[in-house]
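Visitor: Attaching a single structure in structure tokens format; questions to follow.
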């Protein structure tokens with residue numbers, strides 16, 4: 008084999024090695040970029056979920072500022088528009104999105120807590136005793152559901168469900184008469200416990216007149 012052939016083969020091997028090396032480097036870069044894109048996508052999904060919840064709560068009277076949700080993304084779009092975004096650009100965008108989402112989530116939680124307190128304060132719970140047995144049980148269940156939603160996962164669907172359930176319960180209680188002192192006194196005596204001989208025919212008639220007889224359970228006391 009001539010020196011020329013050896014040199015040519017050496018050059019070919021060196022060229023192939025460079026090509027393989029560049030290919031491996033490009034592959035590693037592509038993997039790193041793909042991983043960062045996936046991370047950014049996850050953070051954007053989180054921001055989108057929080058933003059949907061904030062917008063829904065604003066529809067029901069809250070005032071959560073949303074002007075900064077695009078912070079840092081416009082510059083990223085400009086860079087990405089010029090070609091494959093760099094790893095630093097992706098990292099910076101992910102950090103920005105995470106920071107914005109954290110701030111928005113905190114503002115959402117504070118607004119949600121205040122909003123729920125206001126809505127629950129609107130409910131005339133003192134009128135629950137004036138509801139017929141079946142309606143009173145359903146109303147108590149609705150109140151329990153509202154508490155679960157208030158403490159649960161803060162998403163747009165939960166906010167809407169709270170608003171709908173609250174509106175229906177408030178309308179029901181607003182149309183229910185105030186409990187009169189006579190009814191309250193009788194219910195208090197029944198609550199602490201009394202014997203049947205202590206109830207007058209007028210007491211029993213009052214329960215029937217107010218459709219409250221179904222809320223009273225009578226048991227024989229053990230002797």
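Residue numbers (the working numbering): 8 to 230. Using N, Cα and C, we set each Cβ at its ideal position, and we do this for glycine too.
Determine, for residue 206, whether the minimum Cβ-Cβ distance to residues of chain C falls below 8 Å.
Guide: The structure shown contains no chain C; it is built from a single protein chain.
Visitor: Three or more C-beta pairs closer than 8 Å, one from the segment 206-222 and one from the segment 103-121: is that the case here?
Guide: No contact exists between the segment 206-222 and the segment 103-121.
Visitor: Buried or exposed: which applies to residue 43, given that a residue is buried once 16 or more other Cβ atoms fall within 10 Å of its Cβ?
Guide: So residue 43 ends up on the buried side.
Visitor: Look at residue 197 and residue 136 and say whether their C-beta atoms are less than 8 Å apart.
Guide: Not in contact: residue 197 and residue 136 (Cβ atoms no closer than 8 Å).
Visitor: Under DSSP, the alpha helix (DSSP H) around residue 95 begins and ends at which residues?
Guide: Note, residue 95: alpha helix (DSSP H), 94-128.
Visitor: Residue 169: buried (16+ other C-beta within 10 angstroms of its C-beta) or exposed?
Guide: Burial call: buried.
Visitor: Residue 176 and residue 149: beta carbons closer than 8 Å?
Guide: Cβ atoms of residue 176 and residue 149: closer than 8 Å.
Visitor: List the whole-angstrom C-beta distance separating residue 172 from residue 153, where the pair is believed to meet the contact cut-off of C-beta under 8 Å.
Guide: Indeed they touch by this definition, with Cβ atoms about 6 Å apart.
Visitor: Quick one, are the C-beta atoms of residue 163 and residue 39 less than 8 Å apart?
Guide: Not closer than 8 Å, so no.
Visitor: Within the same chain, show all residues whose beta-carbon is closer than 8 Å to that of residue 132, passing over the 5 residues directly before and after it, in chain order.
Guide: So the qualifying residues of the chain are 150, 180.
Visitor: Suppose only complete runs of 4+ residues qualify. What are the alpha helix (DSSP H) ranges in the segment 122-167, listed by chain order?
Guide: Listed in chain order, the complete alpha helix (DSSP H) runs (minimum 4 residues) inside the segment 122-167 are 140-158.
Visitor: Do you know offhand how far residue 140's Cα is from residue 216's?
Guide: Roughly 13 Å separates the two Cα atoms.
Visitor: Near residue 142, which residues of its chain fall below 8 Å by C-beta distance, leaving aside the five closest residues on each side in sequence?
Guide: Taken in chain order, the residues that qualify are 179.
Visitor: Between residue 223 and residue 211, what straight-line distance do the alpha-carbon atoms span, to the nearest angstrom?
Guide: C-alpha separation (whole angstroms): 10 Å.
Visitor: Residue 118 and residue 156 look like a contact to me (Cβ under 8 Å); what is the Cβ gap, rounded to whole Å?
Guide: With 8 Å as the limit, residue 118 and residue 156 do not qualify as a contact, their Cβ atoms being about 15 Å apart.
Visitor: Would residue 115 and residue 161 be called neighbours here (beta carbons separated by less than 8 Å)?
Guide: Against a cut-off of 8 Å, the Cβ pair of residue 161 and residue 115 comes out as a contact.
Visitor: Let me know the secondary structure DSSP gives residue 69 once reduced to three states.
Guide: Note: residue 69 maps to coil in three-state DSSP.
Visitor: Quick one: what's got a C-beta closer than 8 Å to residue 122's C-beta in the same chain, skipping five residues either side?
Guide: Here the set comprises 64, 67, 68, 69.
Visitor: Give the DSSP-derived three-state secondary structure of residue 188 in the structure shown.
Guide: Here residue 188 sits in helix by DSSP.
Visitor: How would you label residue 92, buried or exposed, when you count the other beta carbons within 10 angstroms and need 16 or more for buried?
Guide: Flag for residue 92 reads buried.
Visitor: If residue 97 sits next to residue 47, beta carbons under 8 Å apart, how far is it from one beta carbon to the other, in whole angstroms?
Guide: With 8 Å as the limit, residue 97 and residue 47 qualify as a contact, their Cβ atoms being about 6 Å apart.
Visitor: Measuring alpha carbon to alpha carbon, tell me which of 95, 184, 159 ends up nearest residue 41.
Guide: Out of 95, 184, 159, 95 has the C-alpha closest to the C-alpha of residue 41.
Visitor: Looking only at its chain, what residues have a beta carbon closer than 7 Å to the beta carbon of residue 138, apart from the 5 residues adjacent to it on each side?
Guide: So the qualifying residues of the chain are 146, 183.
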